[in-house]
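> Take this structure first; my questions come after.
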Amino acid sequence: MRFAWLTACAVLIFGVLPPAAAERAAPASDPLGSPRWGDMQREFFRDARVVFDDRVKVSAPVTAEDALNVPVAVDATALSGVEEVLVFADFNPIVKALSFVPGRARASLGFRLKLQQSTPVRAAARTADGLWHVGGTWVNTTGGGCTLPSTGASSPEWDLRLNEVTARRWPRVDGGTRLRLQVTHPMDTGLAAGIPVFHIDELRITADDGSMLMTIHPAEPVAENPLFTIDIPPGVIGEAALKVAGRDNNGNPIRAEVAP
Amino acid sequence: MNPPSLCPIGVGWPARALLALLISLLSIPFSPAASAAEFDYRLAPRRIADGVYVLIGRTEDFSLANGGNIVNTGFVVGTQGVVAIDTGSSRRYGEQMRAAIARITPLPVVLVINTHHHPDHFLGNQAFAADTLAALPETIRAIEAEGPGFLDNMYRLNGDWMRATEVVVPRRALAAGRINAGGRELELIALGGHTVADLVVLDHASGTLFTADLVFNGRAPTTPHADITQWLQALDRLEQISFRQLVPGHGEVAADTAPIADTRRYLRWLAQTIRDGAEQGLDMTEMLALPVPATHAELAEVASEYRRSITHLYPAAERAALGVPR
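Quick mapping for you: the protein sequence lines, in order, are chains Z and U.
Those letters in the first sequence? Residues 2 to 261, by my numbering.
Those letters in the second sequence? Residues -7 to 318, by my numbering.
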C-alpha cells in the first residue's frame, strides 16, 4: 500500500516507472499486517520477486513463555525445488535469524530464537525460479531476549565446552531419518552491555559420500546452545556416520560425527 | 525538495493515525480504570475451622480482569496474634487482606509466611510489618534474585492493580519444625519441587494443612521452577500427613487427599509425555502441538499450562535424549 504510493511518487517525480519497481509493487498486502513488511521487503528482496505463500509454514507458540528460547519450526516441504530458506523477525533488533540451504535434506528446520518483543516470525523459501515464497506467524512475548547476557557469558566453564556437539539420529516411519543436533555456544548478540557479538555462523551437515545434506547459517538471534531438528528423506543416507562441520564468527571450528 | 509537498507520501501518517485510533479504541474495554475503578479484590475470608480462615482466588491466569487474585491465602488466629500464610499478588491485595483480617480480629499479625518465591504469594508483603515477614532461606534468596523480574511481569499482566507494589524480601529465616506463633501450634514442613523451596504449614488445633503450590485443586499445576521428581516425592510425603482439611495453593479447599492424587497424576503424565517426546526425537514445536488427553481436560488452564511446561521442562529432557558429546 505504502509502496504503491512511493511508486506513484516516483512516477510524479521522475516521470517514468522503473520496471524493477513495477515488479516489486506486485505482492499483495502483508497477511500478518506488520508495518515493518515494507522494510523487510527492501532489506531482503530488493531485486527479487516475492509472494506470500501458505505452503511455507512457520510453527511457533502464539505466546512465548521464554523470550530467550522461542521454539520455531519452518516447513517449506510443500514447495518443490527449494534452494534456500531465510528466517527473520520484523521487530527483532537483529532482524535476520538464520538461513539454510536444504541440500538433500528436507526443506524444513526446527530451532529456537531469542525475541526482543512481539513480532512476526517469517520464513522465505527461494525456489529454483528465483521466486521467494513467504510464510509466517505472529509471536507475542514480553521480550527482552536479545539484550540479556547468555548464561554462557557468566559461566566460568563455557569455553571448556565451546562448540561441543551432541546429536542423535532417529529412523522415521517413512523410512527417512531425523537428526537432532545441539552445539554448545553462547550465541551472544552483542546487544548485552560489555559482551561482544559471538555466534556460530556456519554449520554444514554432510553424508559420508561428501554430499551436502544441509548448510545452516545461524545469526545472532538463534538461542544459546542452538538445537536443530533436521529431516532427511528415505534413501539419501545409509548407515554410515554423518559429518558436522562449521565455525563461529571468531573462527573456532565445530567438528563432529553422528553415527546411527 | 520536500517529497511530502509534492505528493501524498503522507499516506503513512493517516494510516498510523488510524492505527493509533484503533489501538486506543481497543484498549478501552481492557482499561483497568474502566473495569475496576476501585481495585477492590472483594476479599471475603471464609472460616473453615475455629480460628482458620482462607481467601480463595480464581483458578485463572493473571489478568487485568482479576488483578492477580488467582491465589489462595489464609490466616490463623491464635490467642495472642495472627499468622498470615502468603500475601497475594500486589500491594493492594496485601492491604485488603490485612483489612479483612482486622475485620475479624483486633489481634496483631505476628508472623507472615511466604510459602515460596512465586509473585502471587509474596507481592502483598508491603502491607505487613517488615519484621513479621518470614520464609525458608532458599525462598528468601530466590525472592531477592527473581523478585524484580517477577514484578515487571506482574505489572504487564495485571496493569494498575499493581500500582505502588514493590518487592519486600522477608528477613526472618524459617526452618522445619514445630513453632508457636500468636499462641497457635504450627508444624512447618520444608519441601520442594514446585520451586526450590515450598513450605507446608499444618495447624495442629484444627488439622488444617496449607500445602502451598505443591497441591493444585481443579487447576493445572504450574512449572516454571519445577523439579518434577522432587515434587512427586513431596506429594508422597504430604499424603502421609494426617489432616482434616487441605488448603491448596490454587483451587478449592478439600477434606481428603484427592487433590494430592490429582496433582500427582497430572505431573506423572507431564513428565512421561516429555520423556517420551524427547526419546522419540520430537521437536519442541511438535510437543507444543500435542493435545492434552481428556483425562486431564477438566483442569482449569490445562492447555496453556501444558504448553508453558513444555517450554520449562522439555530442554532438559532433550539434553538427556541427545546424550554425550560427539
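Glycine residues also receive a C-beta, built at the ideal position from the N, C-alpha and C atoms.
Bear in mind that the values here come from a model prediction, so they are computed numbers and not experimental data.
Quick one: which residues of the segment 57 to 87 of chain U get their C-beta closer than 7 angstroms to a C-beta of chain Z? List them in chain order.
The segment 57 to 87 of chain U vs chain Z, Cβ under 7 angstroms: nothing.
> Can you list, in chain order, the residues of its chain whose CB lies under 8 angstroms from that of Glu24/Z, leaving out five sequence neighbours each side?
In the first sequence, counting from the first residue as 1, residue 24/Z sits at position 23. Summary for Glu24/Z: the model assigns pLDDT 43, below 50, so the residue's position carries little reliability, and this model does not support an answer.
> Counting along the chain, where does the beta strand (DSSP E) carrying Tyr298/U start and finish?
Here residue 298/U corresponds to residue number 306 of the second sequence, with the count starting at 1. Tyr298/U -> not in any beta strand (DSSP E); alpha helix (DSSP H) instead, spanning Val294 to Leu314.
> Helix or strand or just coil, what does DSSP make of Gln237/U?
Translated into positions along the second sequence, residue 237/U becomes position 245. DSSP places Gln237/U in strand when its eight states are reduced to three.
> Which residues in the same chain as Arg56/Z place their Cβ atom closer than 6 angstroms to its Cβ, once the five residues preceding and following it in sequence are excluded?
Here residue 56/Z refers to the residue found at position 55 of the first sequence. Hits under 6 angstroms: Ala79 and Leu80.
> Nearest CA to the CA of Ile132/U: which residue from Trp223/U, Asn209/U and Ala165/U?
Position 140 of the second sequence, counting from 1, holds the residue named residue 132/U. When only C-alpha atoms are compared, the closest one is Ala165/U.
> I'd like the span of the alpha helix (DSSP H) that includes Gly326/U, first residue to last.
For chain U, the structure presents residues -7 to 318; residue 326/U sits outside this window and is missing.
> Let me check understanding here. Comparing Cα to Cα, which of Asp275/U, Asp205/U, Arg267/U and Leu238/U lies closest to Ile40/U?
Here residue 40/U refers to the residue found at position 48 when the second sequence is read from its first residue. Per the Cα distances, Leu238/U.
> Under 8 angstroms Cβ-Cβ, which residues of chain U neighbour Trp171/Z?
Working through the first sequence from its first residue, we reach residue 171/Z at position 170. Ordered by position in chain U, the residues that pass the 8 angstroms Cβ test against Trp171/Z are Gln272 and Gly273.
> Using the C-alpha atoms, what's the distance from Gly252/Z back to Leu47/U?
Residue mapping note: residue 47/U aligns to position 55 of the second sequence, counting from 1. Residue mapping note: residue 252/Z aligns to position 251 of the first sequence, counting from 1. Taking the straight line from one Cα to the other gives about 59 angstroms.
> Would you mind sorting His134/Z into buried or exposed? The rule is 16 or more other CB atoms within 10 Å of its CB.
Within the first sequence, numbered from 1, the residue matching residue 134/Z stands at position 133. Per the 10 Å Cβ criterion, buried.
> From which residue to which residue does the beta strand (DSSP E) around Arg66/U run?
Looking up residue 66/U in the second sequence gives position 74. Note on residue identity: the sequence assigns Gly, not Arg, to residue 66/U. Taken as a continuous stretch (DSSP letters only), the beta strand (DSSP E) holding Gly66/U covers Thr65 to Val69.
> Should Gly247/Z and Arg179/Z be called a contact, given that it needs their Cβ atoms to be closer than 7 angstroms?
For the purposes of this step, residue 247/Z is taken as the residue at position 246 of the first sequence. For the purposes of this step, residue 179/Z is taken as the residue at position 178 of the first sequence. No, the Cβ-Cβ distance between Gly247/Z and Arg179/Z is not below 7 angstroms.
> Under 7 angstroms, do Val101/U and Thr124/U count as touching if we go by C-beta distance?
Here residue 101/U refers to the residue found at position 109 when the second sequence is read from its first residue. Here residue 124/U refers to the residue found at position 132 when the second sequence is read from its first residue. Going by C-beta atoms, Val101/U is nearer than 7 angstroms to Thr124/U.
> Look up Ser23/U in the DSSP assignment and say whether it is helix, strand or coil.
To locate residue 23/U, count along the second sequence from 1; it is residue 31. Summary for Ser23/U: the model assigns pLDDT 41, below 50, so the residue's position carries little reliability; its value from the coordinates is reported in the next sentence. In the structure shown, Ser23/U sits in coil (DSSP, three-state: anything other than H, G, I, E or B).
> By the DSSP assignment, the beta strand (DSSP E) with Met215/Z in it spans what residues?
Position 214 of the first sequence holds residue 215/Z. Counting along the chain, the beta strand (DSSP E) containing Met215/Z begins and ends at Met213 to Pro219.
> Given this structure, state the Cα-to-Cα distance separating Ala295/U from Pro283/U, to the nearest angstrom.
The residue labelled residue 295/U in the question sits at position 303 within the second sequence. The residue labelled residue 283/U in the question sits at position 291 within the second sequence. Each residue's Cα considered, the two are about 8 angstroms apart.
> Rounded to whole angstroms, what's the CA-CA distance from Phe101/Z to Asn106/U? Just pull it up for me.
Indexing the first sequence from 1 puts residue 101/Z at position 100. Indexing the second sequence from 1 puts residue 106/U at position 114. Phe101/Z and Asn106/U: Cα-Cα distance of roughly 49 angstroms.
> Measuring straight from C-alpha to C-alpha, what distance separates Glu158/U and Ser55/U?
The residue given as residue 158/U occupies position 166 in the second sequence. The residue given as residue 55/U occupies position 63 in the second sequence. Taking the straight line joining both Cα atoms gives about 18 angstroms.
> Please give the ranges of any beta strand (DSSP E) in the segment 179 to 264 of chain U, keeping only runs that are unbroken, at least 3 residues long and fully inside the region.
Listed in chain order, the complete beta strand (DSSP E) runs (minimum 3 residues) inside the segment 179 to 264 of chain U are 190 to 195, 200 to 209 and 237 to 243.
> DSSP on Gln183/Z, reduced to helix/strand/coil?
Here residue 183/Z refers to the residue found at position 182 when the first sequence is read from its first residue. Strand at Gln183/Z.
> On the three-state DSSP scale, how would you describe His110/U?
The residue given as residue 110/U occupies position 118 in the second sequence. Reduced to three states, the DSSP call for His110/U is coil.
> Can you give the Cα-Cα distance for Pro72/Z and Glu225/Z, rounded to whole angstroms?
Numbered from 1 along the first sequence, position 71 holds the residue referred to as residue 72/Z. Numbered from 1 along the first sequence, position 224 holds the residue referred to as residue 225/Z. Answer to the nearest angstrom: the Cα atoms are 12 angstroms apart.
> Are Ile255/Z and Asn141/Z closer than 7 angstroms when you measure CB to CB?
Along the first sequence, read from residue 1 onward, the residue named residue 255/Z stands at position 254. Along the first sequence, read from residue 1 onward, the residue named residue 141/Z stands at position 140. Result no, Cβ atoms of Ile255/Z and Asn141/Z do not sit closer than 7 angstroms.
> How about the segment 180 to 196 of chain U and the segment 105 to 122 of chain U: do they share at least three Cβ pairs that are nearer than 8 angstroms?
The segment 180 to 196 of chain U vs the segment 105 to 122 of chain U: in contact.
> Can you look up Tyr33/U in the DSSP assignment and give me helix, strand or coil?
Position 41 of the second sequence, counting from 1, holds the residue named residue 33/U. Of the three classes helix, strand and coil, the one that applies to Tyr33/U here is coil, per DSSP.
> What residues match up with Ile105/U in a beta bridge as DSSP calls it?
By 1-based counting over the second sequence, the position of residue 105/U is 113. Answer by DSSP bridge pairing, in chain order: Ile77/U and Ala126/U.
> Which residues of chain Z have a Cβ atom closer than 9 angstroms to the Cβ of Thr277/U, listed in chain order?
Stepping through the second sequence from its first residue, residue 277/U is reached at position 285. Those are Ser60, Ala61, Pro62, Pro72, Val73, Ala74, Gly111 and Thr230, listed as they occur along chain Z.
> Compute the Euclidean distance between the alpha carbons of Thr148/Z and Asp248/U, then round it to the nearest angstrom.
Walking along the first sequence from the start, residue 148/Z turns up at place 147. Walking along the second sequence from the start, residue 248/U turns up at place 256. Cα to Cα, Thr148/Z sits roughly 48 angstroms from Asp248/U.
> Which of the three DSSP states, helix, strand or coil, is assigned to Val57/Z?
On the first sequence, position 56 is the one that residue 57/Z refers to. DSSP places Val57/Z in coil when its eight states are reduced to three.
> Do three or more CB pairs link the segment 230 to 239 of chain Z to the segment 203 to 218 of chain Z at distances below 8 angstroms?
Verdict: yes, contact present.
> Along the segment 28 to 43 of chain Z, where does the CB come closer than 7 angstroms to a CB of chain U? Name the residues.
Here the close residues number zero.
> Three or more C-beta pairs closer than 8 angstroms, one from the segment 81 to 99 of chain Z and one from the segment 115 to 129 of chain Z: is that the case here?
In short, these stretches touch, since the Cβ pair count reaches three.
> Please look up how many angstroms separate the CB atoms of Arg211/U and Leu291/U, rounded, as I've assumed it's under 8 angstroms.
As a first step, residue 211/U is located in the second sequence; it is residue number 219 there, counting from the start. As a first step, residue 291/U is located in the second sequence; it is residue number 299 there, counting from the start. Indeed, because the Cβ distance is near 6 angstroms, the residues count as touching under 8 angstroms.
> On the criterion of 16 or more Cβ atoms from any shown chain inside 10 Å, does Arg186/U qualify as buried, or is it exposed?
Translated into positions along the second sequence, residue 186/U becomes position 194. At residue 186/U the sequence reads His, which differs from the Arg that was named. Buried: at least 16 other Cβ atoms inside 10 Å.
> Could you name the residues of the same chain whose beta carbon sits closer than 6 angstroms to that of Trp38/Z, not counting the 5 residues immediately before and after it, in chain order?
Within the first sequence, numbered from 1, the residue matching residue 38/Z stands at position 37. Hits under 6 angstroms: Asp31.
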